[in-house]
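**Student:** Dumping the structure here so I can ask a few things about it.
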Amino acid sequence: MLHLPDVTLACVDTRTPALALAAMQHCMSQVRFARALLFTSPDWLARMPPDITAVPLEIDSVAAYSQFMLQGLDAHIGTRHVLVVQWDGYVLDATRWQPEFLDCDYIGAPLRGEPPERSVGNGGFSLRSKKLLRAMHDPAMVIRHPEDICICHDNRERLMRDHGIRFAEPGLAARFAYERLAPDGPTFGFHGLFNMHQVLAPAALHRLICDLPDSFGRGLDAHDLCRSLIASNRLDTAAEILGKRKRLGMRDRRTLRLHVQMAWARLFNRP
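In this text, residue positions in the sequence shown follow full-length UniProt numbering: the first is 1, and each later residue adds one.
Pasting the structure below:
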């Protein structure tokens, strides 16, 4: 098992704490951290296993999530680094850990469509230093949602110039995790619902999709996962996503296109 004695595992989730807990436990099955903190609704405090500390937190919007990550998380972290995870972003293979990751103040999967000098990186599965968390309290910092873009784009130059913050090079970040950019090989972790078909066994993914609230079927992430599932002939799970979008009353062009793709897939896969 990988031992990271100066890294805290942290997750902030008040919408799907059960899934967040599962993601954290998956990480902890491969990595021994200094501490594990789940920031979640107060009514979950009594449900935590002994190796995870629940911290009561009320988050009512994505903007509030970003505000906490930017300026609230720092007060709870006593280690040199914190590994931030989400229900859809966690450790894949601890053997892919590299000590060089700890030389960085921020490392996350490279962002798609960005020049190399500002492509690092995604915050959903990211390693951040205590030094970075403290630097974000500088009154000169821009504070806005989304928090990873706030750090890596809005404040990047100031963080590097005034606080000596080191962002990972894209090549190192690509070995740390992947999100929208396909990886060249195995990585330490990943982020994104749209990547779940590559991470979970078919039956496990089907159970996950069935358990998700309908609201999770609304966005682009669910659309992209559904499209990949149709393309790989995993039609039962794709149908669950389409069912959520139907119950939400979605009739946008992307959703209608998914229905057409599903109809063609079923037609050509008849026995």
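The C-beta atom is built at its ideal place from N, Cα and C for all residues, glycine as well.
Bear in mind that the values here come from a model prediction, so they are computed numbers and not experimental data.
#1: Taking 8 Å as the cut-off, is the C-beta of residue 257 nearer than that to any heavy atom in the ligand GDP?
#2: For the beta strand (DSSP E) containing residue 83, list its first residue and its last residue.
#3: Could you pull out every unbroken beta strand (DSSP E) segment of at least 3 residues lying fully inside the UniProt domain "DUF5672" (59-181), listed in chain order?
#4: Where does residue 201 fall in DSSP's three states?
#5: In the DSSP assignment, find the alpha helix (DSSP H) that holds residue 254 and state where it starts and stops.
#6: Which residues in the same chain as residue 173 place their Cβ atom closer than 6 Å to its Cβ, once the five residues preceding and following it in sequence are excluded?
#7: Tell me the rounded alpha-carbon separation between residue 251 and residue 17.
#8: By the 10 Å Cβ neighbour count, where 16 or more other Cβ atoms means buried, how is residue 269 classified, buried or exposed?
#9: Using DSSP bridges, identify the partner residues of residue 226.
#10: Answer yes or no: do residue 190 and residue 220 have a C-beta to C-beta separation smaller than 9 Å?
**Tutor:** According to the structure data:
#1: Among the ligands in the structure shown, none appear at all, so the ligand GDP cannot be discussed.
#2: As a first step, residue 83 must be located in the sequence shown, where it is residue number 83. Per DSSP, the unbroken beta strand (DSSP E) holding residue 83 starts and ends at 81-85.
#3: 81-85, 106-108, 126-129, all fully within the UniProt domain "DUF5672" (59-181).
#4: By one-based count along the sequence shown, residue 201 stands at place 201. DSSP places residue 201 outside both helix and strand once states are collapsed to three, so it counts as coil.
#5: The residue given as residue 254 occupies position 254 in the sequence shown. Counting along the chain, the alpha helix (DSSP H) containing residue 254 begins and ends at 253-268.
#6: Position 173 of the sequence shown holds residue 173. In its chain, beyond the 5 residues on either side, 107, 110, 120, 121 have a beta carbon closer than 6 Å to the beta carbon of residue 173.
#7: As a working mapping, residue 251 is identified with position 251 in the sequence shown. As a working mapping, residue 17 is identified with position 17 in the sequence shown. Approximately 30 Å, taken between the alpha carbons.
#8: Sequence index remark: in the sequence shown, residue 269 carries index 269 (1-based). With fewer than 16 neighbouring CB atoms inside 10 Å of its own CB, residue 269 falls in the exposed class.
#9: Locating residue 226 in the sequence shown gives position 226, where the first residue counts as 1. Paired residues: none, contrary to the question.
#10: Residue numbering aside, residue 190 sits at position 190 when the sequence shown is read from its first letter. Residue numbering aside, residue 220 sits at position 220 when the sequence shown is read from its first letter. No, the Cβ-Cβ distance between residue 190 and residue 220 is not below 9 Å.
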